[in-house]
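Heads up: the structure comes next, in structure tokens.
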């Protein structure tokens, strides 16, 4: 299992938005769904419903490399919907 690396930006938004690191880690490792970032590869968007936050959706932007998974940012996404 690749280690996760939280960028400085990710650390800042986790603190500012009072996000739970375990929810972010689950979103990366066991997402409900994921998709390529529309801004372009190689970043990936991973989504997971967070029951502890009123079933809101955590969106995590990350960039998987051969050795680790850097987490670029994370936020609770009010508009996220699983594609059908």
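Numbering (full-length UniProt numbering), first residue to last: 1 to 84.
All C-beta atoms, glycine included, are put in the ideal place defined by N, C-alpha and C.
These figures come from a predicted structure and were not determined experimentally.
With contact defined as three or more Cβ pairs closer than 8 Å, the segment 61-76 and the segment 33-52 are in contact.
Bounds of the alpha helix (DSSP H) holding residue 12 are 8-16.
Per DSSP, residue 29 is one residue of the alpha helix (DSSP H) stretching across 21-29. Taking the Cα of residue 56 as reference, the smallest distance to any Cα among 67, 39 and 32 is reached at 32. Rounded to the nearest angstrom, the Cβ distance from residue 28 to residue 75 is 14 Å, too far for a contact under 8 Å. In this structure, DSSP gives residue 68 a state outside helix and strand, which the three-state scheme calls coil.
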